[in-house]
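There are 2 protein chains.
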Amino acid sequence: MAAARRMVVVGGDAAGMSAASQARRLKGPDELEIIAFERGDFTSYSACGIPYWIGGSVDSRDDLIARTPEAHRERGIDLRMRTEVTRIDVDGGRVLARGLSGDGGEEWTGFDELVVATGAAPLRPPLPGIDAPGVHAVQTLEDGEALLGTLGGVESGSGGERRRAVVVGAGYIGVEMAEALTLRGYEVTVLDQAEQPMTTLDPDMGALVRDAMCGMGMEVVTGAEVTAVETDGKGRARAVTAGERTYPADVVVLGLGVAPETSLAREAGLPVGESGGLLTDLAMRVRGHTDIWAGGDCVEVLDLVSGRTRHVALGTHANKHGQVIGANIGGGYATFPGVVGTAVSKVCDLEIARTGVLESQAREAGLQFVTVTADATGRAGYFPGAESMRVKMLAERGTGRLLGTQIVGRTGAGKRVDVAAVALTAGLTVEQMIYLDLGYAPPFSPVWDPVLVAARKAAAAVRQERRE
Amino acid sequence: MAAARRMVVVGGDAAGMSAASQARRLKGPDELEIIAFERGDFTSYSACGIPYWIGGSVDSRDDLIARTPEAHRERGIDLRMRTEVTRIDVDGGRVLARGLSGDGGEEWTGFDELVVATGAAPLRPPLPGIDAPGVHAVQTLEDGEALLGTLGGVESGSGGERRRAVVVGAGYIGVEMAEALTLRGYEVTVLDQAEQPMTTLDPDMGALVRDAMCGMGMEVVTGAEVTAVETDGKGRARAVTAGERTYPADVVVLGLGVAPETSLAREAGLPVGESGGLLTDLAMRVRGHTDIWAGGDCVEVLDLVSGRTRHVALGTHANKHGQVIGANIGGGYATFPGVVGTAVSKVCDLEIARTGVLESQAREAGLQFVTVTADATGRAGYFPGAESMRVKMLAERGTGRLLGTQIVGRTGAGKRVDVAAVALTAGLTVEQMIYLDLGYAPPFSPVWDPVLVAARKAAAAVRQERRE
């Protein structure tokens, strides 16, 4: 019995398969046929978990897979693995797909609803040697396996000397990979062309990350523009050149961020924003289309603080997008309201978090603001393990509305950013935040939670600025 | 040179001394004289830290003192230690104080602004034997020293048998003291007359606490109404009787909660609420008075969810009240908007948190609601140390507004309640909460944070209820 309608999904990771699963929950196979195409070997896996797999805290690749192809098929999803969609025919309501195994034949598949979930690809600047063996990105499970292969070769082959890793880029992936390689015993050098590591933070907060990383024995070189990867006689990477200096490397990891993978969608004429990410409405429909949806790392999302759309590649958003798309295709109603720019990461025991806008982003958005920083402990000062964190807060001039919060500190620092994330979503002022009723007990917080200490200072700065 | 005005503070702990310090920050000694009376030996200490001092994680009593009498005096506060205020003459604008050391003479002191910060006292039901040596409350540093004295005597005197402690009351103090005594090697029995421990949670969540405490080797006896403390030949506590059973005890700790200490204020005719706590306006002025203020454990606060005032004894509120009072007396403007009922605690590695209303409190407030519970891990499931927590959520029928959240789980569970606390303050619906942009990375959270998993279930329950 043919189903009344057909949903076609391009890309079998978080957004695509969440959409498929959610739609299936709402509509049975007689009402909705669901076909999903995935060009790789894996579905629904955690790319964000790869650094922890490489570093050894996660045992195996399979731990990172939330749901296997078989599990999806058991739920009535017609999943076509190792099959790449090569064309979207918008007017014809069909996609052309090619099997990557077997004879490589191509076939058209019609759709009533199309979900574009093609993800993102790591940035790989066109430098000499960048494609040499031993240079690795860490975006897919295949990337992870290749990197582990290189590390295995290096580790079995090397003599008594300490092995060296160069990480290019000091963003989230860069610092997480620096941790992973340190845990594996590598001498790690991180190169970044910016003034400080973690350009998702203001430079003054990034400097704290640099200090902590150096304290962990890593070398952090900023203002370093990588110009080439040098190779040995066998064509394998053996050093990275940046400016005047050359950094020897047994392995090179690229952590330069990712860009939306939208060539297929752009060829089909679907609209993209400045970053190249697809533009959607709040229900995650591609703008200007009624039956084409997009979500996950291939879209731009609305930043509720700056009022602009931007590209934010995060598994948590991808899952939510999928949920929204699946609900809508399944006959329900859901919208994704946007993001406030929250991110959290760690490098060894240093926790790094942000939400809202940085100073530079605030200026770009036309916002005027005051900034404060506050140092406070995450537990009562007398409680064992109480460690200091720094909280930076931006508040709008005049209104005192919270605009952004950055936190760098040790255990318990990172997730405190959630308080600011909810406050941003609700449009609270820093004055309103002072008296937030946050959980207090000595093992969890001082009587003034660090976020409230910062809010108090920010509110004073707003009042001061009004008087001037 | 006499100051233009005089501020008198009754009670030298968190609320009183925060008020004094904040007022001093805003007004110099020539503008404002500040006299503070404290009947005990300590100022500005953390009563909440006492269980951790008893348990040995905090080394010494002095670690719990945020600011000594000397430090306050250096900041220009005329602090009179071991001096008890015995009368407030509201019409005369003066208080009568009596030195507890020396000749015990009494003296009147006039005030332009009076701050009542007399705190709370532990509940001590009038049972036979309750005042015997070896029965201890844990509210003041003096209480803590007395308890440590008893424990020292027991520990040096006892033979090979394991020492036994009975804790009466299974609320915050009770479970924290159960942990402390377990850490000291005692065999611990906790008695409570309620159906489950932690009546600040719904019974189904309290049951999780009971299971965990039993798993830690504690005995938890509920439905146990204590009728007497039995004493030995020397008049020392040796057992606790509840119903038909008698529980041998080398030491007895009372954790029955506290009541506002307002006899002085009531004798002066100041208005109190149902709990006996003073009633104030939003600026923390005692209702009906322009020059009398009150804050900390001796007041009732507005519960923003139930719309009622209630007594919530917590150091974090006391500090904020003091801050507000000091700002207002110092010529500024501040208000304490109220609480949403957040509390967090732990017993060994079990974290317990709540915010908003319980089912019973919601009913009492006239609210109709749906409830859901969700189990989820605090980190990505594959990440080392990922442990499950249970989140219970109440949402208003019809509107879907969040009404309350309770969390019981291991590491990382407790402070997650802050997300719900901010959402409650902002009046968010559970539907709005689903897409909150919370910090995500595998060491910090799964892609769906446990609070969002609960919000998703709650939103579905609200929609379902609307259809019925």
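Keeping their order, the protein sequence lines are chains A and B. Just so we're aligned, residue 1 is where the first sequence starts under full-length UniProt numbering, counting upward by one. Just so we're aligned, residue 1 is where the second sequence starts under full-length UniProt numbering, counting upward by one. Glycine is no exception: its CB is placed at the ideal position from the N, C-alpha and C atoms.
Just verifying my parser: in three-state terms, what is the DSSP assignment at A/Arg75?
Mapped onto the first sequence, residue 75 of chain A falls at position 75. Coil, per DSSP.
Between A/Asp63 and chain B, is the shortest Cβ-Cβ distance under 8 Å, so that the two count as touching?
For the purposes of this step, residue 63 of chain A is taken as the residue at position 63 of the first sequence. Judged by the 8 Å Cβ criterion, A/Asp63 is in contact with chain B.
Tell me which residue opens and which closes the alpha helix (DSSP H) that A/Gly28 is part of.
Start at 1 with the first residue of the first sequence, and residue 28 of chain A comes out as number 28. Looking at the DSSP string, A/Gly28 is not in any alpha helix (DSSP H), and its letter there is neither H nor E.
Neighbouring residues, chain B, relative to A/Val339 (Cβ below 7 Å)
For this step, residue 339 of chain A is matched to residue 339 along the first sequence. Within 7 Å Cβ-Cβ: Asp437.
For B/Gly108, I'd like the list of residues in its chain whose CB is within less than 6 Å of its CB, leaving aside the five on either flank, ordered along the chain.
To locate residue 108 of chain B, count along the second sequence from 1; it is residue 108. Checking the sequence shown, residue 108 of chain B turns out to be Trp, not Gly. Correct list, in chain order: Arg94 and Leu96.
Using Cβ-Cβ distances below 9 Å, what residues of the segment 25–55 of chain A are close to chain B?
Ser46, Cys48, Gly49, Pro51, Tyr52 and Trp53
Taking Cβ positions only, does A/Tyr319 come closer than 8 Å to chain B?
For the purposes of this step, residue 319 of chain A is taken as residue 319 along the first sequence, with counting starting at 1. As written in the sequence, residue 319 of chain A is Asn, which differs from the Tyr given in the question. A/Asn319 counts as touching chain B.
Can you look up B/Tyr435 in the DSSP assignment and give me helix, strand or coil?
By one-based count along the second sequence, residue 435 of chain B stands at place 435. Note: B/Tyr435 maps to coil in three-state DSSP.
Exposure of B/Gly56, with buried meaning 16 or more beta-carbon neighbours within 10 Å:
The residue labelled residue 56 of chain B in the question sits at position 56 within the second sequence. Exposed, since its Cβ has fewer than 16 Cβ neighbours within 10 Å.
Listed from N- to C-terminal order along the chain, which residues in the segment 378–392 of chain B have their beta-carbon within a distance smaller than 7 Å of any beta-carbon of chain A?
Ala380, Tyr382, Phe383 and Pro384
Are the beta-carbon atoms belonging to B/Ala228 and B/Leu127 less than 8 Å from one another?
Mapped onto the second sequence, residue 228 of chain B falls at position 228. Mapped onto the second sequence, residue 127 of chain B falls at position 127. Contact flag set, yes.
Using the Cα positions of A/Pro133 and A/Ala343, report the straight-line distance between them to the nearest angstrom.
Counted from its first residue, the first sequence places residue 133 of chain A at position 133. Counted from its first residue, the first sequence places residue 343 of chain A at position 343. For A/Pro133 and A/Ala343, the distance between alpha carbons rounds to 32 Å.
How big is the Cα-Cα spacing for A/Gly144 and A/Val253?
Counted from its first residue, the first sequence places residue 144 of chain A at position 144. Counted from its first residue, the first sequence places residue 253 of chain A at position 253. Their backbone Cα atoms lie some 11 Å apart in a straight line.
State the Cα-Cα distance for the pair B/Val272 and B/Glu387, rounded to the nearest angstrom.
Translated into the one-based positions of the second sequence, residue 272 of chain B becomes position 272. Translated into the one-based positions of the second sequence, residue 387 of chain B becomes position 387. Those two C-alpha atoms are separated by around 44 Å.
Kindly indicate which three-state DSSP category B/His136 falls into: helix, strand or coil?
For the purposes of this step, residue 136 of chain B is taken as the residue at position 136 of the second sequence. DSSP places B/His136 in strand when its eight states are reduced to three.
Could you confirm whether any beta carbon from chain C is found closer than 8 Å to the beta carbon of A/Ala423?
No chain C appears in this structure, whose protein chains are A and B.
Just how far apart, CA to CA, sit B/Ala362 and A/Val258?
As a working mapping, residue 362 of chain B is identified with position 362 in the second sequence. As a working mapping, residue 258 of chain A is identified with position 258 in the first sequence. Cα to Cα, B/Ala362 sits roughly 48 Å from A/Val258.
When the Cβ atoms of the segment 145–156 of chain B are set against those of the segment 411–427 of chain A, are three or more pairs found closer than 8 Å?
no
Beta-carbon proximity list for B/Ala249, same chain, < 7 Å, skipping 5 on both sides:
Walking along the second sequence from the start, residue 249 of chain B turns up at place 249. Hits under 7 Å: Arg164, Ala165, Val166, Ala237, Arg238, Ala239 and Val240.
Residue from B/Gly235, B/Pro122 and B/Leu191 whose Cα sits closest to the Cα of B/Cys214
Reading the second sequence from its first residue, position 214 is the one you call residue 214 of chain B. Of the candidates B/Gly235, B/Pro122 and B/Leu191, the one whose C-alpha sits nearest the C-alpha of B/Cys214 is B/Leu191.
Distance cutoff 8 Å, beta carbons only. Does B/Asp297 sit that close to anything in chain A?
What you label residue 297 of chain B is simply residue 297 of the second sequence in a count that begins at 1. Judged by the 8 Å Cβ criterion, B/Asp297 is not in contact with chain A.
Specify, as a first and last residue, the run of the beta strand (DSSP E) that B/Pro248 falls within.
Locating residue 248 of chain B in the second sequence gives position 248, counting from the first residue. Start and end: Arg245 to Pro248.
Per DSSP, which residues does B/Val168 bridge with? Please list them.
Start at 1 with the first residue of the second sequence, and residue 168 of chain B comes out as number 168. For B/Val168, which the question treats as bridged, DSSP gives the partners B/Leu191 and B/Leu254.
Enumerate in chain order the residues of its own chain whose CB-to-CB distance from A/Ser18 is below 6 Å, with the five nearest sequence positions on each side excluded.
Taking the first sequence and counting its residues from 1, one reaches residue 18 of chain A at position 18. Counting only Cβ-Cβ distances below 6 Å, and skipping sequence neighbours, we find Asn319, Gly322 and Gln323.
Is the Cβ-Cβ distance between A/Tyr440 and B/Gly315 less than 8 Å?
Against the first sequence, residue 440 of chain A aligns to sequence position 440. Against the second sequence, residue 315 of chain B aligns to sequence position 315. Yes, Cβ-Cβ distance for A/Tyr440 and B/Gly315 is below 8 Å.
Under a Cβ-count criterion, where at least 16 other Cβ atoms within 10 Å of its own Cβ denotes burial, should A/Asp211 be classed as buried or exposed?
Along the first sequence, one-based indexing puts residue 211 of chain A at 211. Classification of A/Asp211: exposed, given that the 10 Å Cβ count is below 16.
Taking Cβ to Cβ, would you say A/Ala2 is nearer than 8 Å to A/Val9?
For the purposes of this step, residue 2 of chain A is taken as residue 2 along the first sequence, with counting starting at 1. For the purposes of this step, residue 9 of chain A is taken as residue 9 along the first sequence, with counting starting at 1. Result no, Cβ atoms of A/Ala2 and A/Val9 do not sit closer than 8 Å.
With a CB to CB cut of under 6 Å and the five nearest residues on each side skipped, what residues in its chain are close to B/Arg80?
Looking up residue 80 of chain B in the second sequence gives position 80. Closer than 6 Å at Cβ, skipping near neighbours: Phe37.
Along the chain, where does the beta strand (DSSP E) that runs through residue 485 of chain A open and close?
The displayed coordinates of chain A run from 1 to 468. Any statement about residue 485 of chain A would go beyond what the structure contains.
Could you tell me how far apart the beta carbons of A/Gly307 and A/Ala365 are, in whole angstroms, since I believe they sit closer than 8 Å?
Here residue 307 of chain A corresponds to residue number 307 of the first sequence, with the count starting at 1. Here residue 365 of chain A corresponds to residue number 365 of the first sequence, with the count starting at 1. The pair is a contact, with the Cβ atoms about 6 Å apart (cut-off 8 Å).
Which parts of the segment 357–440 of chain A are runs of the beta strand (DSSP E), unbroken and 3 residues or longer, counting only runs that do not cross its ends?
369–377, 388–396 and 402–409
Quick one: list the residues of chain A neighbouring B/Asp13, beta-carbon separation under 9 Å, in chain order.
Within the second sequence, the letter at position 13 stands for residue 13 of chain B. The premise fails here: B/Asp13 is roughly 11 Å from chain A at the closest Cβ pair, so nothing lies under 9 Å.
Which residues bound the alpha helix (DSSP H) around B/Asp211?
Position 211 of the second sequence, counting from 1, holds the residue named residue 211 of chain B. Counting along the chain, the alpha helix (DSSP H) containing B/Asp211 begins and ends at Pro203 to Gly215.
Among A/Glu351, A/Gly92 and A/Thr231, which one has its Cα closest to the Cα of A/Asp291?
Here the question's residue 291 of chain A lines up with position 291 in the first sequence. It is A/Gly92 whose Cα lies nearest to the Cα of A/Asp291.
Restricting to Cα atoms, I'd like to know which of A/Ala423, A/Ala170 and A/Gly129 is closest to A/Gly341.
In the first sequence, the residue the question calls residue 341 of chain A occupies position 341. Of the candidates A/Ala423, A/Ala170 and A/Gly129, the one whose C-alpha sits nearest the C-alpha of A/Gly341 is A/Ala423.
Nearest candidate by alpha-carbon position, reference B/Val251, set B/Ser263, B/Glu230 and B/Thr262:
In the second sequence, the residue the question calls residue 251 of chain B occupies position 251. Out of B/Ser263, B/Glu230 and B/Thr262, B/Glu230 has the C-alpha closest to the C-alpha of B/Val251.
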